[in-house]
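Quick note on the numbering used here: the sequence shown kicks off at 49 and runs consecutively. See below for the structure under consideration.
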Amino acid sequence: MNTATEIIGSGIGHSPLIRRVGDLPAQAARRYGQRRALICGDARATFAEIDAWSASIAGYLAGGGIVPGERVIVYGANSIGWVVSYYAALRAGAIVVPVNKLLTPAEMVYIAGHCGARLILGSLASLAPLTNESALAALPQLAWDGEDGTFEATIDAAHAAPDLRDGEGVLDTPASICYTSGTTGRPKGATLTHRNILTNVLLTATLHGKTEHDVMISALPCPHVYGNVVTQSVFVTGAQLVLFPAFDATEVLDAIETHRATVFEGVPTMYYYLLNEALEQRDLSSLRLLTVGGQTMPVVRMQEVQQRFGLPLVELWGMTELAGLGTTHSHLVANAGLAPLGSIGTSLPGVQARITSLDDPKREAPAGDPGELNIRGPIVMQGYWDNEAATNETIDAAGWLATGDIATLEPDGTIRVVDRKKDMILTAGYNIYPAEVEGALCAHEAVAMAAVVGEPDADKGEIPVAHVVCKADITLSEEALISHCRTHLAAYKVPRRIVFTDDLPKTSSGKILRRALRREP
């Protein structure tokens with residue numbers, strides 16, 4: 049079987065060579081033509097339409113002065129217009145900068161300035177708030193009027209996409225700059241090459257068994273690498289994607305039934321909300337695959353998902369700096385019942401993973417001991433845009449990227465993520481991993497979601513505090529939940545305080561945002 053790098057270099061079947069991410073719409077149009085590719089709300093688009101629209105806008109951009117290597121921001125909610133804009137920027141030779149619609153105008157100002165953006169492509173609704181930002185006043189903007197990607201409000205004639213010259217090294221030139229969430233100061237721009245993105249998309253689609261017979265459901269934000277890989281898999285497989293601007297459990301279940309969906313891709317919180325629905329009254333028989341990533345999920349909740357949906361839940365792990373997934377389970381392994389819950393699987397083919405000691409990062413941790421997960425291979429970013437110091441701190445001379453995730457190598461060869469290194473709680477000299485405590489909390493039948501953070505303590509340094517969402521119409525006392533935890537956890541891991549809440553703060557991709565719950569000293 050060819051590796052993704054071999055496929056990228058030699059072409060797929062009898063199709064021309066894939067040298068750039070922007071080649072995907074044209075190739076998909078040749079193979080799948082008038083087949084429907086995307087559904088978003090009332091809008092529909094075929095492979096041929098997306099190819100034609102993105103080519104025309106690319107020609108318009110090139111005619112307006114956009115030259116290869118310049119940065120073009122794509123800004124807006126999930127839509128067909130977003131997908132068309134993404135490919136249009138790439139087909140014009142630009143480096144695309146996907147920016148989440150939930151970012152504030154001030155954050156947009158920083159990103160546009162940092163990457164030296166030349167243009168913003170966005171929906172009318174997303175661009176409107178930017179008009180009051182003087183720092184963006186001189187930056188040209190091109191808006192799509194509706195959500196179908198036609199750009200009829202701006203472009204009144206068809207344009208031919210520019211004929212980009214492909215040198216030998218084009219695969220290893222920048223295709224995209226994806227900005228991190230900025231959890232520790234200003235966001236950093238992960239510079240992803242065409243090889244990074246294409247390799248990840250192709251390998252992920254292959255491992256999850258995606259074909260032209262699949263109908264996928266996703267509410268993952270397109271600017272996020274997880275959502276981006278899901279969206280782009282459509283163009284390498286011929287599958288159909290039902291894309292939601294935002295997640296709503298009822299709407300997602302309706303779509304699964306209406307479109308006879310085969311694949312649902314989500315983050316843990318999406319599954320928590322789905323579990324609150326009357327799943328037994330739904331026809332979910334068309335589904336063949338559920339995937340979950342973005343954050344650790346308590347095994348007890350994963351078991352509940354598998355039981356109520358009646359099929360395996362495939363866990364995956366990835367990050368912005370890897371253009372998407374870094375590890376996962378094959379759909380064949382999962383369907384055979386050989387993918388242990390709580391495990392993120394093994395590294396993608398052609399990608400290496402190792403666990404390094406928390407005391408000495410130059411030494412590998414013994415099997416079973418927690419250490420920092422490191423990744424090396426063709427999916428590792430080129431570096432952080434205009435930030436050599438941060439790049440050197442993250443990627444060593446041998447090409448190993450330090451992920452910041454604490455993990456263990458299991459006896460079966462799979463990897464289990466313990467938690468984020470920066471989220472670890474140090475109490476009286478003991479390490480506490482919030483994910484473990486959250487798993488114990490969620491084992492209580494009344495708990496729907498939980499997030500554990502460290503709070504300053506004069507005697508112990510930090511103490512674990514749990515923020516808990518109970519299931520609908522169920523009440524639970526703090527004493528009862530703490531007592532429950534004492535039967536599942538060592539004494540020093542038991543939360544010292546329980547805060548009951550109606551919901552938990554989340555990122556734009558739906559991950560629980562622990563840092564928003566922390567009380568600073």
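Ideal placement from N, C-alpha and C gives every residue a C-beta, glycine not left out. Since the structure is predicted, the reported quantities are computational estimates derived from the model, not experimental observations.
Worksheet item: Can you list, in chain order, the residues of its chain whose CB lies under 8 Å from that of GLU260, leaving out five sequence neighbours each side?
Response: Within the sequence shown, residue 260 is the residue found at index 212, counting from 1. Excluding sequence neighbours, GLU260 sits near TYR80, ARG83, THR285, GLY286, ALA287.
Worksheet item: Exposed or buried, which one is GLU510 when buried takes at least 16 other CB atoms within 10 Å?
Response: On the sequence shown, residue 510 is found 462 positions in, with the first residue counted as 1. Buried, because 16 or more other Cβ atoms sit within 10 Å of the Cβ of GLU510.
Worksheet entry | Exposed unless 16 or more other CB atoms sit within 10 angstroms - verdict on ASN180 | The residue you call residue 180 lines up with position 132 of the sequence shown. With fewer than 16 Cβ atoms within 10 Å of its Cβ, ASN180 is classed as exposed.
Worksheet entry | Residue from LEU219, THR298, GLU458 with nearest C-alpha to MET429 | The residue labelled residue 429 in the question sits at position 381 within the sequence shown. It is LEU219.
Practice prompt. Determine the DSSP secondary structure at GLN343, reduced to helix, strand or coil.
Written response: Within the sequence shown, the letter at position 295 stands for residue 343. Note: GLN343 maps to coil in three-state DSSP.
Worksheet entry | Exposure label - ILE159; buried when at least 16 CB within 10 Å | Within the sequence shown, numbered from 1, the residue matching residue 159 stands at position 111. By the neighbour-count rule (16 or more Cβ atoms within 10 Å), ILE159 is buried.
Discussion item. What does the alpha-carbon distance come out to for the pair GLU441 and PHE95?
Written reply: If you number the sequence shown from 1, residue 441 lands on position 393. If you number the sequence shown from 1, residue 95 lands on position 47. Using only the alpha carbons, I get a separation of about 42 Å.
Worksheet item: Can you name, in chain order, every residue of its own chain whose Cβ lies under 8 Å from the Cβ of GLY358, other than the five neighbours on each side?
Response: Here residue 358 refers to the residue found at position 310 of the sequence shown. LEU332, listed in sequence order.
Worksheet entry | Close-in-space but distant-in-sequence residues of the same chain around ILE454 (CB under 8 Å, 5 per side omitted) | Translated into positions along the sequence shown, residue 454 becomes position 406. Here the set comprises LEU406, PRO418, GLY419, GLU420, LEU421, VAL465, VAL466, ASP467, ARG468, LYS469, MET472, TYR481.
Practice prompt. Quick one: residues in its chain with C-beta nearer than 7 Å to the C-beta of GLN343, no 5 flanking neighbours on either side, listed in chain order?
Written response: Walking along the sequence shown from the start, residue 343 turns up at place 295. The residues are VAL315, PRO316, LYS559, ILE560.
Fill in: Beta-carbon proximity check, TRP101 vs CYS270, cutoff 8 Å
Along the sequence shown, read from residue 1 onward, the residue named residue 101 stands at position 53. Along the sequence shown, read from residue 1 onward, the residue named residue 270 stands at position 222. No, these two residues do not count as a Cβ contact at 8 Å.
Practice prompt. Please go through the same chain and pick out, in chain order, the residues whose beta-carbon is closer than 7 Å to the beta-carbon of GLU458, but skip the five residues on each side of it.
Written response: Taking the first residue of the sequence shown as position 1, residue 458 is located at position 410. In the same chain as GLU458, and ignoring 5 residues on each side of it, the C-beta atoms closer than 7 Å to its own belong to SER391, ARG464, in chain order.
Item to complete: Using 10 angstroms around the beta-carbon of THR298, count the other beta-carbons present and answer buried if the total reaches 16, otherwise exposed.
Response: In the sequence shown, residue 298 corresponds to position 250, counting from 1. THR298 is exposed by the Cβ-count criterion.
Worksheet item: Under a three-way DSSP split, which group does GLU195 fall into?
Response: Taking the first residue of the sequence shown as position 1, residue 195 is located at position 147. Model confidence at GLU195 stands at a pLDDT of 49, short of 50, so the residue's coordinates are unreliable; what they give is reported in the following sentence. Correct three-state label for GLU195: coil.
Discussion item. Taking the alpha-carbon of VAL263 as reference, which of LEU337, TYR319, MET318 has the nearest alpha-carbon?
Written reply: For the purposes of this step, residue 263 is identified with residue 215 of the sequence shown, where counting begins at 1. Nearest option by C-alpha distance: LEU337.
Worksheet item: Expressed to the nearest angstrom, what Euclidean distance is found between the alpha-carbon atoms of GLU195 and ALA125?
Response: Counting from one through the sequence shown, the residue named residue 195 turns up at place 147. Counting from one through the sequence shown, the residue named residue 125 turns up at place 77. Caution is warranted here: a pLDDT of 49 is assigned to GLU195, below 50, making its placement in the model unreliable, and no coordinate value can be reported.
Item to complete: Go to HIS307, then tell me how far its beta strand (DSSP E) extends in each direction, as first and last residue.
Response: To locate residue 307, count along the sequence shown from 1; it is residue 259. Run containing HIS307: none in the beta strand (DSSP E); it sits in the alpha helix (DSSP H), 297-307.
Practice prompt. Leaving aside the five residues before and after ARG119 along the sequence, list all residues of the same chain whose C-beta is less than 7 Å from its C-beta, in chain order.
Written response: As a working note, residue 119 is residue 71 in the sequence shown. Result list for ARG119: ALA142, ILE143, VAL145, CYS163, GLY164, ALA165, ARG166, ILE225, in chain order.
Worksheet item: Curious, which full-length alpha helix (DSSP H) runs of at least 4 residues does the segment 246-294 contain?
Response: 273-285
Discussion item. Going by DSSP, what residue range makes up the alpha helix (DSSP H) through LEU359?
Written reply: Locating residue 359 in the sequence shown gives position 311, counting from the first residue. Following the DSSP letters along the chain, one finds LEU359 in no alpha helix (DSSP H), marked with neither H nor E.
Practice prompt. Check the DSSP bridge columns for GLN400 and list the partner residues they point to.
Written response: For the purposes of this step, residue 400 is taken as the residue at position 352 of the sequence shown. Looking at the DSSP assignment, GLN400 forms a beta bridge with ARG424.
Item to complete: Rank PRO346, ALA76, CYS88, ARG330 by C-alpha distance to the C-alpha of TYR135 and give the top, closest one.
Response: Taking the sequence shown and counting its residues from 1, one reaches residue 135 at position 87. With distances taken between Cα atoms, TYR135 lies closest to ALA76.
Item to complete: Could I get the ranges of all uninterrupted alpha helix (DSSP H) runs contained in the segment 405-485, with 4 residues as the minimum, in chain order?
Response: 436-442
Discussion item. Just list the residues that DSSP pairs ILE114 with in beta bridges.
Written reply: For the purposes of this step, residue 114 is identified with residue 66 of the sequence shown, where counting begins at 1. For ILE114, which the question treats as bridged, DSSP gives no partner whatsoever.
Worksheet item: Would DSSP call GLN189 helix, strand or coil?
Response: On the sequence shown, residue 189 is found 141 positions in, with the first residue counted as 1. GLN189 falls in the strand class under three-state DSSP.
Worksheet entry | For ILE530, the three-state DSSP class (helix, strand or coil) | Stepping through the sequence shown from its first residue, residue 530 is reached at position 482. In this structure, ILE530 counts as helix in the three-state DSSP scheme.
Fill in: Residue span of the alpha helix (DSSP H) that contains ARG78, given as start and end
Walking along the sequence shown from the start, residue 78 turns up at place 30. Run containing ARG78: 72-80, per the alpha helix (DSSP H) assignment.
Worksheet item: Grouping DSSP H, G and I as helix and E and B as strand, with all else coil, what is VAL311?
Response: To locate residue 311, count along the sequence shown from 1; it is residue 263. VAL311: strand per DSSP, three-state reduction.
Fill in: Residues of its chain near LEU178, where Cβ-Cβ distance is below 7 Å and the 5 sequence neighbours each way are ignored
Taking the first residue of the sequence shown as 1, we reach residue 178 at position 130. Only PRO153, MET156, LEU184 meet the Cβ criterion.
Discussion item. Does the structure place the segment 374-381 close enough to the segment 391-404 that three or more beta carbon pairs sit under 8 Å?
Written reply: With a cut-off of 8 Å, the segment 374-381 and the segment 391-404 count as touching, because enough Cβ pairs lie within range.
Worksheet item: Is it true that the CB of VAL122 sits closer than 8 Å to the CB of GLY89?
Response: If you number the sequence shown from 1, residue 89 lands on position 41. If you number the sequence shown from 1, residue 122 lands on position 74. Contact: no.
Fill in: Residue burial classification, GLU313 (beta-carbon count within 10 angstroms, cutoff 16)
Here residue 313 corresponds to residue number 265 of the sequence shown, with the count starting at 1. Buried is the call here.
Worksheet item: Considering only the beta carbon of each residue, do GLY366 and VAL495 sit closer than 8 Å?
Response: Start at 1 with the first residue of the sequence shown, and residue 366 comes out as number 318. Start at 1 with the first residue of the sequence shown, and residue 495 comes out as number 447. At the C-beta level, GLY366 and VAL495 stay beyond 8 Å of one another.
Discussion item. Please classify VAL300 as buried or exposed, where buried requires at least 16 other C-beta atoms within 10 Å of its C-beta.
Written reply: The residue given as residue 300 occupies position 252 in the sequence shown. Buried, because 16 or more other Cβ atoms sit within 10 Å of the Cβ of VAL300.
Worksheet item: In terms of DSSP beta bridges, what is LEU524 paired with?
Response: Looking up residue 524 in the sequence shown gives position 476. Residue pairing from DSSP leaves LEU524 without any beta-bridge partner.
Worksheet item: Leaving out the 5 sequence neighbours to the left and right, which residues in its chain are closer than 6 Å to HIS307 when beta-carbon positions are compared?
Response: Numbered from its first residue, the sequence shown carries residue 307 at position 259. Excluding residues within five positions, the ones whose Cβ falls inside 6 Å are VAL263, VAL290.
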